[in-house]
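Protein chains in written order, with our numbering: chain A, 7 to 205; chain B, 7 to 205. All C-beta atoms, glycine included, are put in the ideal place defined by N, C-alpha and C. Heads up: the structure comes next, in structure tokens.
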DNA sequence: TCGGATTGTTGGTCGCGGTCCAAGTTTAGG
DNA sequence: CCTAAACTTGGACCGCGACCAACAATCCGA
């Protein structure tokens, strides 16, 4: 615990290494048809090692997104002022910070082949993650449990729909924050008061 | 192909049988700690047979809910008038028709032990089901894909939050439609215009 | 220079969910 | 009575994820 790296064997594998190998294989054969074992084969690493870096196969596609989720959670614990407004605001920086990484791959696969149930489930799991993070923040802000969960689900649904639409149109063609604004506007006046014209 | 049931062996092992056995075991040992094999053992049926009646272990808890989802989908294909209003309206009959069945068990388990990731995933899968059904209906009604998905997610989120809250307070103590109204009201003016004061 | 202590990697085993299939059993109907 | 349809069964199979005891590489202090 000195500063950066104490004693010990240096890491032979890395998340990035596994993600690259996985992306190649997913593009070649699709997500469902690729096993964790194959990924680790190509990465030149044992299967056991995989689970030192990821909890789940689907984390390979969503790791960038998941990072943003924990960052969002961290930002929301320090909630000041209107919790709902804060949630919307922080959701916007979520969108701004999320790069066109492997997340897009998840949905591009959905476009190519009829989205496997696995992918659908992995995506909606993230929706629940965001919903719970937001709901928890709203509850801390004094909202009732039911209202907090509903609002969280609505906002999370907007975020995920935005990410999906953004990925499908090909990231780069549009900016995620813009798509998110469009998604939020579909939520109607629920969120409008919090956004003084996003420009 | 005469009228209703052609020749053949009648279904001896009914869904109800499996559901009952499952409920017992879930109450005894919890959902995660109960395997499909155990359920079929108690039901006096082979494991293979289980998958003739259910696609997934979690279907045991959610079969009543799933029925309402297909009913909802059926009702929404015949969409007349404002699709969004119709969605809200049909969501209300969804809530009215959903009895306090095994659905409640899913969430009561969540209350007892710290909800397993399995349960959480099963629940959010239903959210996605409802979202997609609603979104599909809205798209058919002329809404854009993004807006349809967002609205669907918001409404589905409200429904699931309502079902959860209703189950946790113990069904019977409150009526699901009432809880749903409360959940919808958290969505704000998005849905208000469609409900001319429910009762 | 040597021996821990620490940190990662490996192979292996295990249980479970879910799929598939070929064979067997029960029923309706000609 | 025979056949064809509907259903059940056992078994094999695969992949995910958990777990664990051994092994390897590195750092650090004596």
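Around the Cβ of residue i, are there at least 16 other Cβ atoms within 10 angstroms (buried) or fewer (exposed)?
i	result
residue 5 of chain A	Because chain A spans 7 through 205 in this model, residue 5 of chain A falls outside it and cannot be assessed.
residue 128 of chain A	buried
residue 96 of chain B	buried
residue 138 of chain B	buried
residue 131 of chain B	buried
residue 16 of chain B	exposed
residue 98 of chain A	buried
residue 194 of chain B	buried
residue 57 of chain A	exposed
residue 101 of chain B	buried
residue 188 of chain A	buried
residue 84 of chain B	exposed
residue 175 of chain B	exposed
residue 204 of chain A	Here the model assigns residue 204 of chain A a pLDDT of 44, short of 50, so the residue's position is not dependable, and the following value carries that caveat. Counting Cβ neighbours within 10 Å, residue 204 of chain A comes out exposed, since fewer than 16 surround it.
residue 12 of chain A	exposed
residue 148 of chain B	exposed
residue 87 of chain B	exposed
residue 158 of chain A	buried
residue 92 of chain A	buried
In the DSSP assignment, what are the bridge partners of residue i?
i	result
residue 180 of chain B	B/177
Shortest alpha-carbon distance to residue i belongs to which of the options?
i	options	result
residue 54 of chain B	B/19, B/69, B/81	B/19
residue 110 of chain A	A/14, A/29, A/22, A/194	A/29
residue 45 of chain A	A/24, A/163, A/154	A/24
residue 39 of chain A	A/186, A/164, A/122	A/122
residue 68 of chain B	B/150, B/125, B/172	B/125
residue 71 of chain B	B/171, B/135, B/31	B/135
residue 170 of chain A	A/146, A/150, A/112, A/191	A/112
residue 150 of chain A	B/154, B/144, B/191	B/191
residue 172 of chain B	B/32, B/117, B/60	B/117
Who are the neighbours of residue i on chain A, taking C-beta pairs under 9 Å?
i	result
residue 171 of chain B	151, 152, 155
residue 66 of chain B	Simply none; closest approach about 18 Å.
residue 189 of chain B	152, 153, 155, 156
residue 28 of chain B	Ordered by position in chain A, no residue passes the 9 Å Cβ test against residue 28 of chain B, which lies about 21 Å from the chain.
In angstroms with no decimal places, state the Cα-to-Cα distance between residue i and residue j.
i	j	result
residue 200 of chain B	residue 161 of chain B	Below a pLDDT of 50, predicted positions are generally treated as unreliable, and residue 200 of chain B, at 45, falls in that range; the measurement from the model is reported next regardless. Distance between the alpha carbons of residue 200 of chain B and residue 161 of chain B: 13 Å.
residue 133 of chain B	residue 107 of chain A	26 Å
residue 14 of chain B	residue 52 of chain B	19 Å
residue 156 of chain A	residue 47 of chain A	43 Å
residue 89 of chain B	residue 182 of chain B	23 Å
residue 179 of chain B	residue 184 of chain A	45 Å
residue 42 of chain A	residue 167 of chain A	28 Å
residue 22 of chain A	residue 141 of chain B	36 Å
residue 65 of chain A	residue 37 of chain A	12 Å
residue 9 of chain A	residue 165 of chain A	In this prediction, residue 9 of chain A has a pLDDT of 42, which is less than 50 and means its spatial position is unreliable; what the coordinates show is noted afterwards. Using only the alpha carbons, I get a separation of about 37 Å.
residue 143 of chain B	residue 114 of chain A	24 Å
residue 104 of chain B	residue 82 of chain A	35 Å
residue 94 of chain A	residue 154 of chain B	20 Å
residue 80 of chain B	residue 74 of chain B	10 Å
residue 152 of chain B	residue 163 of chain A	10 Å
residue 78 of chain B	residue 145 of chain B	16 Å
residue 26 of chain B	residue 33 of chain B	11 Å
residue 186 of chain A	residue 177 of chain A	13 Å
residue 60 of chain A	residue 62 of chain B	25 Å
residue 76 of chain B	residue 49 of chain A	43 Å
residue 31 of chain B	residue 31 of chain A	41 Å
Identify the contact partners of residue i in chain A, using a Cβ-Cβ distance below 7 Å as the criterion.
i	result
residue 131 of chain B	127, 130
residue 93 of chain B	The contacting residues do not exist; residue 93 of chain B stays about 13 Å from chain A at best.
Listing by chain order, which chain A residues have their CB less than 8 Å from the CB of residue i?
i	result
residue 163 of chain B	137, 155, 156, 158, 159, 160, 162, 163
residue 167 of chain B	152, 155, 156, 159
I want to verify the contact list: residues of chain B whose CB lies under 9 Å from the CB of residue i, in sequence order.
i	result
residue 134 of chain A	126, 127, 129, 130, 133
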